[in-house]
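>
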Amino acid sequence: MSFTRNLGRFEDDMRTLREKRTEPGWSFCDYFMVQVCDWLRELSIRAVGCSSAVHLCVDQEELAFVFEMLQQFEDALVQYDELDALFTQYVLNFGAGDGANWLGSFCQPVRSWNGLLLRRPIDMEKRDLIQRGEASLLDLRSYLFSRQCTLLIFLQRPWEVTARALELLHNCVQELQLLEVSVESGALDCWVFLSSLEVLHRIEGCCDRSQLEANCSHTVGLWTYATEKLRSLGDLCGLVSENGPDSEDLNKTVDLLAGLGAERPETINSPQSPYKKLKEALSSVEAFEKHYLELSHAAMEMYRVIGRLRSARLVGKSLAEFYMWLLCFACFLSCACGFFDRVCRYLQTSALLASDTNLSDEERRHFCQEILTFARQTAEGKGQQKDARVALSMSSFTRLQELRFRPSSALVHVSAALQLELRLCSLMPVPVTLEQISASIHFTQEQPGSTAQKRAAQNPDGTVTFPAASPASASASALELCEILEHSPSDNALSSAGVACRNMHLLMRRHDSTASLDTPNTAPAVAMEDAAQMLRASDVTLLPGNNSIVFTAPSQKPGSYTLRQLCATLGCVQFILPHIYPVVQYEVYSQEPQLSIQPLTGHNTDSMPVLHSSTCSARILSSSAELLAESALSIQSSEKVTSISLPVTPPYHTLEFLLEVLCHIPSCPARMESERLTNGQISRRSRTRFNSGMTLIDQKVSVDCPWSIYSTLVSLTFHVPFTIKHSLLSAGRRKFIQVCLRNVSDTNFRLTNQTLTENQHTPSLELCSLNTRTHSLVFRQQCVFSVWELRWSGVSPVSVHCEFSAAFAPADAPDAALKLYRYDFTLERVSTLYSVRAEIRPAVGEQQCCTGSLCRLEVSLTRLSEASDSDEEYSETDGLRSSRLLYEVIDNSSNWAVCGKSSGVVSMPVAAMATHKVHMEVMPLFAGHLLVPSIRVFKYQPRLASPVIQPDTDSCLENDSLSLEDQAETASLRSRGSVQSLGSGESAQPRGPMPKRQAFGPGQVFSGTQGQQVLVLPAADHHLMEVNVT
Amino acid sequence: IVPTQGELKFHYTVHTSLDVVEEKISGVGKALADQRELYLGLLYPTEDYKVYGYVTNSKVKFVIVVDSSNTSLRDNEIRSMFRKLHNSFTDVMCNPFYNPGDPIQSKAFDSIVSTMMVQAC
């Protein structure tokens, strides 16, 4: 017997120690201990003698107390362990039939099962019971364990406590069975439950959290055990049944609770005491569930943490059974993942099987029907309980193929229609009608365009193609086998041959099922959270094979929308695709109203919009260019501002209206008016540009809208299709007006009704049309001339204001309305003042003019009318009123060489028909019919008629190579010439202002000999002849 | 070793015990790889049963479940049982007509197992 053996050892130790008394290292303390041992040994012997294990226990325990007091916890623990083992042996022996009558006291029925009590160092209450021999087996065990526990905690070995606790609890249950002690059913469960929780509490009390988490492999057994016991208690007390506990169950519960006794004073204040927990758990179905779930989850979580997944699943299984039990009685209670794990798994498996094309059609139908039935049943059964949904992975249900945006840019403005067409392939063998298929959208308030790069996955045509899901990544897990041959080194014979798998580490790896467990559970929460932003399609029937679903995407707010999850709802079953990949995005933008003005070109007036109509109607178009409404515009225009009230238009609709714009083609100066739009101010600035013959009229229109801070500047460019030139032609005294209308546009026009009217309606004036045709066609870039003769009676008019007008229309549009084109011009100094004639005669004695010989040029200037205009300057010389004229011989073709001065100044007396003749010598340079050189006449204006300054002018004229000799004929000239010669002597004088020569108006000088030709013969002796052969 | 009543429960128990077996192997593999101790000892106790484990060198696992009330079987007995079982299993594996992975259909093996059962009960 170990006890005696131990005592023998103690005895020996004591003896040796006593003998060492004289040595220096001997301590009283040690001796005391040994003494105690000695004393105890006697006690023990006595105890053995009386063969009462109880007393023996108590005695040995006293030894342990002594050890404890001496801080020898290890030794104290040993004492208790020995006691424990001893007791166990007794029980076993008793069970084997070796009756020890003292054990009888332990065989009495158990009446109290109030669990372990580990809070006190020594449970004196129980100790007394043991001493009195009234303790039950549970009491004794509890007491021993509480002592051991205390010691172990002193020894900083809390984890041993848990292991021992589990052993103790199992042991007790076994012993009670062995001893055939009558225990009320459930009582042991209570005891075990309370005890395990108490142990756990005690451990928690002496360790911090991190320690606990690191060592949950030690505590998890207790947790599981407690869970099991609570479960069996629940079964026992009718807490897991159809109708809740009946009266019998209630009686049972009351009995069990009575056995617990009153709560111990130590724990009465702690709200989480095991005692309170048990009481609460047994009080009602709900509380039981709560506690049971709590414990189960705790246990599962711990198993998972320490990697014991099988154990975790075993707990999960019983949890699931619990829910299945509930489900059987249609008590579908709030979501419980344990149960859902099971149901989900089943449904998921069914879905997988149903989609498996390797199976027969019949089987697939069966499994598909299984899902459908479940969905229907639970949908009917649970009614309003919406939160209880079964989430399955969508991958086994359908496969996404493609998503197409319409419009394809995936960029729309606020509240515009955007459609998404989702193409998916249903893997189910039968048509499935989904209540709803929805895609949750993540909304970010980003600026449009900033995500353009991110949408790279989207093809330019607005489609997103989903990669075909590789089933279980088969490619990655193909077996890679290779041969292995080993030859023995001695004789090169084959010693072994085999096949090795290279990627075994990949294939043999355990698939972590926790991830797959979690995903379907977390998905619905995410999918359901933001119901405001969802794509929805209701009552969709998915046929086997390819389907197409069209969603209308929300676009109420500007920003970027990303599709996150896809969820197909079928009753209470949801098929969820937790992530849509590649990323699918679309954008919604918002912008200020925009206004654009487009001139209607192609209209026959060729970029000459003409006039408005006072009431226009506006057409309101939706963004997709559908005509929604038509309403009237009101236009009010004043001198400066034209305001147009626009009808009410919904956002992102286009308001389109036609305004005819009037642009006055400038008659003389460029002067224009224009009107333009909207109920804002229009400020007008116009500018005319002459460019490549075409008159461009630029007009700026600014449009101010009350809803926008910006004003839109619109530039309108008008092209005037015609340019007009007029000229006054003279024939002696007769006057003709020629109007040349040039078409500068690229369109051909018809012209009619060319009229020329005199604006002031002077009765004495008459305009006589010499045009024969009233209709004419003016081709592009061509001219049309028309001529009128101007006749007058009486005094010749000083100036004539004329207006030319013609009606025109494009030639290729015969029915187009004729538009009027007007041209104002004024003719000044219409009447002919002078007539100039030039005559060339051969030199005296010659018959003909010959090249190289001098000829006489006689220029005669004749005043035709009594000049009364103020525009001529007169000078009084020698009592005669005269005006000075500067003449000039100009020979542009270099046919003539003027000998001497080619220009000069003459004084013209103010009298009708006064003639002045000038003679000059010219020499023809070529033979043939030569044009007479033209004579130009200018008004000569010396700077004021002051005699002092006159010489200056003359000296100036000298530079112009005036020939003074030619002027010797007339008296007036002679007198002038004297002055001039005088002036020439003073050429050193500083020069004053230049004299002016002023051209006459176009009709004032009539050249009577213009275009006249003179025959010039070649010179008689020609020893030199030039022959030009070309 | 136990009668077939509650077969599923035993399956669960054995299945769950694999957790502990793995735990122990990984622990042993590091520290005591060369010690050739195949017997893993008591895996875990439940209220009714004690579960013992044994792992061969080729990682074949044996699990023996003993009724807790059976106190006659100590550690040593269990260990010898495992050895016997292992030997017998090795014999089965050495049979050239046996394909690894097939259910064992060997009279010799069966008789050894049943004698162990009888001996235990």
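Chains P and W are the protein sequences, given in the same order. As numbered in our numbering, residues 28 to 1057 make up the first sequence, in order. As numbered in our numbering, residues 757 to 877 make up the second sequence, in order. Note that beta-carbon positions come from the ideal geometry of N, C-alpha and C, so glycine has one too.
Give the residues of chain W in contact with S338 (chain P), contact being defined as C-beta atoms less than 8 Å apart.
Those are T772 and D775, listed as they occur along chain W.
> Starting from Q463 (chain P) and walking both ways along the beta strand (DSSP E), at which residues does that stretch end?
V459 to T471 is the extent of the beta strand (DSSP E) around Q463 (chain P).
> Residues of the region 155 to 184 of chain P with a CB closer than 7 Å to any CB of chain W: list them in chain order, please.
Flagged: no residues at all.
> List the residues of chain W that R335 (chain P) touches, going by C-beta distances under 8 Å, in chain order.
Simply T772, D775, V776 and E779.
> Return the chain-ordered ranges of every alpha helix (DSSP H) run that is complete within the region 827 to 864 of chain W and spans a minimum of 4 residues.
Counting whole runs of 4 or more residues, the region 827 to 864 of chain W contains the alpha helix (DSSP H) stretches 831 to 850.
> Drop a sphere of 10 angstroms on the beta-carbon of I917 (chain P), count the other beta-carbons inside from all chains shown, and report buried for 16 or more, exposed for fewer.
By the neighbour-count rule (16 or more Cβ atoms within 10 Å), I917 (chain P) is not buried but exposed.
> Please report the straight-line C-alpha distance between T705 (chain P) and F852 (chain P), rounded to a whole angstrom.
The predicted model places T705 (chain P) with a pLDDT of 38, which falls under 50 and marks its position as unreliable, so this point remains unresolved.
> Shortest alpha-carbon distance to S930 (chain P) belongs to which of P:A939, P:L521 and P:E948?
That would be P:E948, whose Cα lies nearest to the Cα of S930 (chain P).
> When burial is assigned at 16 or more other CB atoms within 10 Å of the CB, is S791 (chain P) buried or exposed?
S791 (chain P) is exposed by the Cβ-count criterion.
> Give me the residue from P:Q968, P:R864, P:S892 and P:C877 with the minimum Cα distance to L913 (chain P).
For L913 (chain P), the nearest C-alpha among the options comes from P:Q968.
> Counting C-beta neighbours from all protein chains within 10 Å, is the total for V611 (chain P) 16 or more, i.e. buried, or is it exposed?
Buried, since its Cβ has 16 or more Cβ neighbours within 10 Å.
> Taking the alpha-carbon positions, what's the L205 (chain P) to S420 (chain P) distance?
Going by the C-alpha atoms only, they are around 52 Å apart.
> Indicate whether I781 (chain W) and V807 (chain W) have their beta-carbon atoms separated by less than 9 Å.
In this structure, V807 (chain W) does not lie closer than 9 Å to I781 (chain W) by Cβ.
> Any C-beta of chain A within less than 9 Å: which residues of the region 184 to 205 of chain P qualify?
The structure shown contains no chain A; its protein chains are P and W.
> Go through its chain and collect everything with a Cβ distance to T589 (chain P)'s Cβ below 6 Å, but skip five positions before and after it.
For T589 (chain P), where only same-chain residues beyond five positions count, the Cβ hits under 6 Å are H469 and Q612.
> Are any of the Cβ atoms in chain W nearer than 9 Å to that of Y330 (chain P)?
Answer yes: the Cβ-Cβ gap between Y330 (chain P) and chain W drops below 9 Å somewhere.
> Does the region 251 to 268 of chain P touch the region 302 to 321 of chain P, meaning 3 or more C-beta pairs lie closer than 8 Å?
Contact holds: three or more Cβ-Cβ distances are below 8 Å.
> Throw me the rounded Cβ distance for the V827 (chain P) and V857 (chain P) pair, which I believe falls under 8 Å.
At roughly 6 Å, the Cβ-Cβ gap stays under 8 Å, so V827 (chain P) and V857 (chain P) are in contact.
> Within 10 angstroms of its Cβ, does K878 (chain W) collect 16 or more other Cβ (buried), or is it exposed?
Missing from the structure shown is residue 878 (chain W); chain W here goes from 757 to 877 and no further.
> Determine the extent of the beta strand (DSSP E) in which H753 (chain P) is found, giving its start and end residues.
Note, H753 (chain P): beta strand (DSSP E), F749 to A758.
> For V770 (chain P) and F776 (chain P), I'd like the C-alpha separation in whole angstroms.
It should be pointed out that residue 770 (chain P) corresponds to Asn in this sequence rather than to Val. Rounded to whole angstroms, N770 (chain P) to F776 (chain P) spans 8 Å at the Cα level.
> Given a threshold of 16 other Cβ atoms within 10 Å of its Cβ, counted over all protein chains shown, does C829 (chain P) qualify as buried or as exposed?
Under this definition C829 (chain P) is a buried residue.
> Quick check: the Cα distance between L957 (chain P) and D839 (chain P), rounded to an integer number of angstroms?
Looking at the two C-alpha atoms, the distance is approximately 48 Å.
> Residues bridged to R431 (chain P) by DSSP?
DSSP, once it has assigned bridges, lists P:E448 and P:T490 as partnering R431 (chain P).
> Excluding the 5 residues preceding and the 5 following R1003 (chain P) in the sequence, name in chain order all residues of the same chain whose CB lies nearer than 6 Å to its CB.
Residue placement at R1003 (chain P) is poorly supported in this model, since its pLDDT is 38, which falls under 50; the coordinates are not used for a value here.
> Could you give the distance in angstroms between the alpha-carbon of G142 (chain P) and the alpha-carbon of A162 (chain P)?
So the two alpha carbons sit approximately 14 Å from each other.
> Quick check on this structure: which residue in W:E833, W:T846 and W:V821 has the alpha carbon closest to the alpha carbon of P856 (chain W)?
Here the closest residue by C-alpha is W:T846.
> Mind checking the region 797 to 828 of chain W against chain P and listing, in chain order, the residues whose C-beta falls within less than 8 Å of any C-beta there?
Residues passing the 8 Å Cβ filter: Y800, P801, T802, E803, S824, S825 and T827.
> Label S19 (chain P) either buried or exposed according to how many other C-beta atoms from any shown protein chain fall within 10 Å of its C-beta, with 16 as the threshold for buried.
Residue 19 (chain P) cannot be examined here, being either before or after the span of chain P that is shown, 28 to 1057.
> Would you mind working out which of W:R839, W:D804 and W:N826 sits nearest N813 (chain W), comparing C-alpha positions?
It is W:R839 whose Cα lies nearest to the Cα of N813 (chain W).
> Under 6 Å Cβ to Cβ from T189 (chain P), same chain only, skipping five residues before and after it: list those, please.
Result list for T189 (chain P): H245, T246 and L249, in chain order.
> In the DSSP assignment, find the unbroken alpha helix (DSSP H) run with V200 (chain P) in it and report its ends.
Taken as a continuous stretch (DSSP letters only), the alpha helix (DSSP H) holding V200 (chain P) covers P185 to L205.
> Residues of chain P with CB under 8 Å from Y768 (chain W), in chain order?
Chain P residues near Y768 (chain W): L341 and K344.
> Exposed or buried, what is Q1031 (chain P) when buried is set at 16 or more other beta-carbons lying within 10 Å of its beta-carbon?
It is buried - the Cβ of Q1031 (chain P) has at least 16 other Cβ atoms within 10 Å.
> Closer than 9 Å, CB to CB, is G232 (chain P) near chain W or not?
No, no contact with chain W.
> Compare the C-alpha of Q446 (chain P) against each of P:Q560, P:E397, P:A378 and P:I576 and name the closest.
Answer by Cα proximity: P:I576.
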